[in-house]
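Q: Take a look at this one; I'll ask things after.
In the working numbering, the protein residues as written are 4 to 371.
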């Protein structure tokens, strides 16, 4: 019921870090092979893909279960998944390039850069809404998650969505004072999507392709969900294990990324280090901006940076994404220069959480 592909040998994997950091790949592999099918079976979940990285190397890919149960299609390293809100994390790297190019100031009122739509005035000071506090979910903007549309034909535009044409999520507006507390805002990332388009003069998906995916060699990632992309994607299943349809989003920056386990692992490397000690993501951004992106942000109780979830207990940076039919998780353990992604093609929530805990317990048992 599972497929396992080792991209490099256990000997190489055992020697890419010092002995005190990572010494027993065979134990991790055995535990995965023994434990994950049991987790899938317990929850009657269809499948999961895992990819592991060290520094700038993808060191292992493993998959269990099926991309399509009825057809018994196995999950491969090129099977595509929707990753929900991890789209926000990827988008943040695109937006920060506008900062690096001096086209956007982090602390300037974001309305001054928006050409086709403006955050409406409210009882709160709209001028205090900036790229910095939007990325860290401290801007005061409305809307948590989006529900998406069942049909591509129902899509309109990001401006229409910002005005409230978004299948019930509502318009984007300031609902509490900026820079006072953390409040998760998918609406904020719709503003960032508009910002990228208005400042760059490019369609959002084209900008992200050129400035994020290509530099990181993410050849199988896209915000443009075509029939070809769907043909490469796993079949999504809902929280009861029944087949469900694809969701489509005008709010691509918030929820629309379709990618593979290998490509998301390549993105995972961005906050890890190469052999020279530099961030792999320095091909996208200056290292001082990467430092800023991963530093805990004000008003978040130390739990969020500019879009990363900061897990101080496990010394990691990551994010999780949830859409109907899909759950995804990415985690970079910075002190070990190691990371992994977990992609599932169902809405069965406990699966990714249990696998994440399973992997963490194995790793930390060896290094604490």
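Each residue gets a CB set at the ideal place from its N, CA and C atoms; glycine is no exception.
Computed from a prediction, not measured in an experiment: that's the story for all the values here.
1) Quick check: the stretch 45-64 against the stretch 331-347, are at least 3 beta-carbon pairs closer than 8 Å?
2) Which residue wins for smallest C-alpha separation from residue 143, given the options 159, 34 and 122?
3) Determine which residues share a DSSP beta bridge with residue 261 and list them.
4) Would a C-beta distance cut-off of 8 Å place residue 334 and residue 321 closer than the cut-off?
5) Tell whether a beta-carbon distance below 8 Å holds between residue 198 and residue 311.
6) Could you compute how far the alpha carbon of residue 188 sits from the alpha carbon of residue 315?
7) Evaluate the contact criterion for the stretch 167-176 versus the stretch 209-227: three or more CB pairs, one atom per stretch, below 8 Å.
8) Spatial neighbours of residue 136 within its chain, please: C-beta separation below 7 Å, excluding the five flanking residues on both sides.
9) Given 8 Å as the limit, is there contact between the stretch 241-256 and the stretch 144-152, that is, 3 or more CB pairs closer than that?
10) So what does residue 133 bridge to, in DSSP terms?
11) For the candidate residues 289, 32 and 298, whose alpha-carbon lies nearest to that of residue 380?
12) Within this structure, are the beta carbons of residue 159 and residue 168 separated by less than 8 Å?
13) Select from 265, 184 and 286 the residue whose C-alpha is nearest the C-alpha of residue 213.
14) Whole angstroms is fine: what's the gap from residue 284's alpha carbon to residue 327's?
15) For residue 324 versus residue 87, is the C-beta spacing smaller than 8 Å?
16) Apply the 10 Å Cβ neighbour rule to residue 355 and answer buried if 16 or more other Cβ atoms are within range, or exposed otherwise.
17) Using 8 Å as the Cβ pair cut-off and three pairs as the minimum, do the stretch 118-133 and the stretch 217-237 touch?
18) Report the three-state DSSP secondary structure of residue 333 (helix, strand or coil).
A: According to the structure shown:
1) yes
2) Here residue 143 corresponds to residue number 140 of the chain shown, with the count starting at 1. Checking every option, the nearest Cα to that of residue 143 belongs to 122.
3) As a working mapping, residue 261 is identified with position 258 in the chain shown. Paired residue(s): 85 and 225.
4) Along the chain shown, one-based indexing puts residue 334 at 331. Along the chain shown, one-based indexing puts residue 321 at 318. A contact, by the Cβ cut-off of 8 Å.
5) For the purposes of this step, residue 198 is taken as the residue at position 195 of the chain shown. For the purposes of this step, residue 311 is taken as the residue at position 308 of the chain shown. Not closer than 8 Å, so no.
6) Against the chain shown, residue 188 aligns to sequence position 185. Against the chain shown, residue 315 aligns to sequence position 312. If I take the Cα positions, the gap works out to 23 Å.
7) no
8) Residue 136 sits at position 133 when you count from the first residue of the chain shown. Cβ within range, chain order: 142, 181 and 182.
9) yes
10) Along the chain shown, one-based indexing puts residue 133 at 130. For residue 133, which the question treats as bridged, DSSP gives the partners 112.
11) A question about residue 380 goes unanswered here, because the residues of the chain that appear run from 4 up to 371.
12) What you label residue 159 is simply residue 156 of the chain shown in a count that begins at 1. What you label residue 168 is simply residue 165 of the chain shown in a count that begins at 1. The answer is yes: Cβ separation under 8 Å.
13) Within the chain shown, numbered from 1, the residue matching residue 213 stands at position 210. Comparing Cα-Cα distances from residue 213 to each of 265, 184 and 286, the minimum goes to 286.
14) Taking the first residue of the chain shown as 1, we reach residue 284 at position 281. Taking the first residue of the chain shown as 1, we reach residue 327 at position 324. For residue 284 and residue 327, the distance between alpha carbons rounds to 30 Å.
15) In the chain shown, the residue the question calls residue 324 occupies position 321. In the chain shown, the residue the question calls residue 87 occupies position 84. In contact: residue 324 and residue 87 (Cβ atoms closer than 8 Å).
16) As a first step, residue 355 is located in the chain shown; it is residue number 352 there, counting from the start. It counts as buried.
17) no
18) Translated into positions along the chain shown, residue 333 becomes position 330. Looking at residue 333 - three-state DSSP - the assignment turns out to be strand.
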